[in-house]
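Note sheet for the following structure.
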Amino acid sequence: MLVLTRKKNEMIQIGESIVIKVISTGRGKVKLGIDAPADIRVLRAELAGTLRPSSAGQSADSEQPHACV
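Shown next, in the form of structure tokens:
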């Protein structure tokens, strides 16, 4: 695991197309902004195993990704 220290407004780039920016810090929390292509799903770890296909027959993989903070 790579461990980095970043300050507010500093960024981390992953590959050619994913950027993570520290938006704010405080009270034991960090707010991150994640810029990734629409075909890359970005989920909080606690949600990654909970998604199920919708009742309309559309799979969870075909849903539009949502901003994750």
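First residue of the sequence shown: 108, per this note's numbering; consecutive thereafter. Where is the CB? At the ideal position from N, CA and C, for every residue including glycine.
Verify whether the separation of the beta carbon atoms of residue i and residue j is less than 7 Å.
i: Val126; j: Lys115; result: no
i: Ser124; j: Pro144; result: yes
Note down the Cα distance separating residue i from residue j, rounded to an integer number of angstroms.
i: Asp142; j: Arg134; result: 24 Å
i: Gly122; j: Leu109; result: 14 Å
i: Leu154; j: Met118; result: 24 Å
Ignore the nearest five residues each way along the sequence and tell me which others in residue i's own chain have a CB closer than 6 Å to its CB.
i: Gly140; result: Lys128 and Ile130
i: Gln120; result: Val126
| Any beta strand (DSSP E) of 3 or more consecutive residues that is wholly inside the region 132 to 160 | Listed in chain order, the complete beta strand (DSSP E) runs (minimum 3 residues) inside the region 132 to 160 are 136 to 142.
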